[in-house]
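Novice:
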Amino acid sequence: MASFLVTGGAGFVGGNFVRSLLRRRDDNVTVLDALTYAANRSTLDSLPRERFRLVEGSVCDEELVHRMVADHDVVVHFAAQSHNDNSLADPAPFVETNLVGTFRILEAVRRHERRYHHVSTDEVYGDLAVDQARFTEASPYAPSSPYSATKAGSDHLVRAWVRSYGIRATISNCSNNYGPFQHVEKFIPRQITNLIDGVRPVLYGSGDNVRDWIHVDDHTDAVLAIIERGRIGETYLIGADGERSNREVIELILAAMRRPVDAYDLVADRPGHDLRYAIDWSKLRDELGWRPRHGDFARGLQETISWYRDNESWWRPTKAATEARYASE
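What follows is the structure, encoded as structure tokens:
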């Protein structure tokens, strides 16, 4: 039995990882989370308290991070500022959390010689033309926003600490996630909750931007596979062959919610809006034998819609503030 420290474990992907870890293994888990607006304590309410605890604190707090890393066997670093629009409005928190926070974690991992897994994003690679080959682990970095630039920088820090100090680390870069417990500022839950509230969806630009969607449960399963079987020092891309344009996603959501599929509006595009992301996850498949379980995107969307309908008490408290923030931009 091991002890896991999961940073950002009250957020969307981190929280789902903690739930999966406790369901599948007998380990003890501590979540370190700053509990910013994107976190939600209630995501963790049903977890077994005899094997789980939540510590409120920042990954930038050097003393706290060293103390907590010393008490655990494995560190899984999900904590990040991750919203592109917010990074354009104010990049400072992204630099602080994504770069300085990762540095603090790495120094603690180095000092205490712990196993480390770093969770990153496909956005570090920039974007692709419609007919261009998918990203691989060898793709050059070309971030487009303060968010993706700071995540790219954090990946480089991890690789430097592996090479310079010999820390036992792996990295994963994942495509766009969807599923339960995702904050309503994100694309899919925002459209679902707006439609629940009778609000007409909007799309940036032409709606032709393509994202490679993966269910969050598949992402968390892949992270655990990398921790258990991945080669130290390696990077693994996580995807599920889920390429869809934003227009296609909106139309699938509208159809699933029994609305006309053209009941949306186009608005001016945002700066630095990447055209297409697409992941080649064959290394993960070939080396570790991993495959996604949620291959039917339309069915996954329908299940996600049902979750938001059934769990209004979870997302309702943050909805008004989110929409007010968008309206002020």
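For the sequence shown, full-length UniProt numbering gives the first residue as 1, with consecutive numbering after it. We put the beta carbon where it would ideally sit given N, CA and C, even for glycine.
Could you name the residues of the same chain whose beta carbon sits closer than 7 Å to that of residue 29, not counting the 5 residues immediately before and after it, in chain order?
Specialist: For residue 29, same chain residues with a beta-carbon under 7 Å away, outside a window of 5 residues either side, are 4, 6, 18, 21, 22, 51, 52 in chain order.
Novice: Rounded to whole angstroms, what's the CA-CA distance from residue 128 to residue 48? Just pull it up for me.
Specialist: If I take the Cα positions, the gap works out to 43 Å.
Novice: Considering only their Cβ atoms, is the gap separating residue 69 from residue 41 smaller than 8 Å?
Specialist: no
Novice: In the DSSP output, what is residue 235 paired with across the bridge?
Specialist: 171
Novice: Short check: CB of residue 120 to CB of residue 151, under 8 Å?
Specialist: yes
Novice: Nearest-angstrom Cα distance between residue 219 and residue 198?
Specialist: 31 Å
Novice: Could you please give the first and the last residue of the uninterrupted beta strand (DSSP E) stretch that includes residue 213?
Specialist: Where residue 213 is concerned, the enclosing beta strand (DSSP E) starts and stops at 210-215.
Novice: Which residues in the same chain as residue 57 place their Cβ atom closer than 7 Å to its Cβ, once the five residues preceding and following it in sequence are excluded?
Specialist: 32, 34, 64
Novice: According to DSSP, simplified to helix, strand and coil, what is residue 35?
Specialist: coil
Novice: Determine, using beta carbons only, whether residue 147 and residue 94 come nearer to each other than 8 Å.
Specialist: In this structure, residue 94 lies closer than 8 Å to residue 147 by Cβ.
Novice: Identify whether residue 203 lies in helix, strand or coil by the three-state DSSP scheme.
Specialist: strand
Novice: Could you check what DSSP says for residue 270 in three-state terms: helix, strand or coil?
Specialist: coil
Novice: Excluding the five sequence neighbours on either side, which residues of its own chain have a C-beta within less than 8 Å of the C-beta of residue 172, listed in chain order?
Specialist: 117, 118, 119, 120, 222, 223, 226, 235, 236, 237, 238
Novice: Closest by CA to residue 308, which one among 170, 11, 189?
Specialist: 189
Novice: Put residue 97 into one of helix, strand or coil per three-state DSSP.
Specialist: helix
Novice: Closer than 8 Å is the cut-off here; do at least three beta carbon pairs connect the stretch 200-207 with the stretch 246-255?
Specialist: yes
Novice: By Cβ distance, which residues of its chain are closer than 8 Å to residue 302, with the 5 residues on each side in sequence left out?
Specialist: 256
Novice: Pull up the distance between the alpha-carbon of residue 314 and that of residue 181, whole angstroms please.
Specialist: Near 8 Å, if we compare the C-alpha coordinates of residue 181 and residue 314.
Novice: Which residue comes first and which comes last in the alpha helix (DSSP H) that contains residue 109?
Specialist: 102-112
Novice: Here's a check: name, in chain order, each residue in its chain whose Cβ is nearer than 7 Å to the Cβ of residue 142, leaving out the five neighbours to either side.
Specialist: The beta carbon of residue 142 lies closer than 7 Å to those of 125, 126 in the same chain, with the five residues before and after it left out.
Novice: CB-CB under 8 Å to residue 105, same chain, minus the five flanking residues each way: which ones, in chain order?
Specialist: Once the five neighbours on either side are set aside, the close Cβ partners of residue 105 are 7, 59, 65, 69, 75, 77, 116.
Novice: Tell me where the alpha helix (DSSP H) around residue 313 begins and ends.
Specialist: 312-328
Novice: Give the range of the beta strand (DSSP E) segment to which residue 50 is assigned.
Specialist: Per DSSP, residue 50 belongs to no beta strand (DSSP E) and is neither H nor E.
Novice: Tell me which same chain residues have a C-beta within less than 7 Å of the C-beta of residue 130, skipping the five on either side of it?
Specialist: Short of 7 Å from the beta carbon of residue 130, and not among the five residues preceding or following it, lie these beta carbons of its own chain, in chain order: 276.
Novice: Rounded to a whole number of angstroms, what is the C-alpha to C-alpha distance between residue 91 and residue 149?
Specialist: 10 Å
Novice: For residue 4, does the three-state DSSP call read helix, strand or coil?
Specialist: In this structure, residue 4 counts as strand in the three-state DSSP scheme.
Novice: For residue 201, is the classification buried or exposed, using 16 other Cβ atoms within 10 angstroms of its Cβ as the cut-off for buried?
Specialist: buried
Novice: Whose C-alpha, out of 273, 192, 283, 282, is nearest the C-alpha of residue 258?
Specialist: 192
Novice: On the criterion of 16 or more Cβ atoms from any shown chain inside 10 Å, does residue 55 qualify as buried, or is it exposed?
Specialist: exposed
Novice: Sort out for me which residues DSSP pairs residue 265 with in a bridge.
Specialist: 202
Novice: On the DSSP bridge assignment, give the partners of residue 56 in chain order.
Specialist: For residue 56, DSSP records a beta bridge to 33.
Novice: Helix, strand or coil for residue 145? Go by DSSP, reduced to three states.
Specialist: coil
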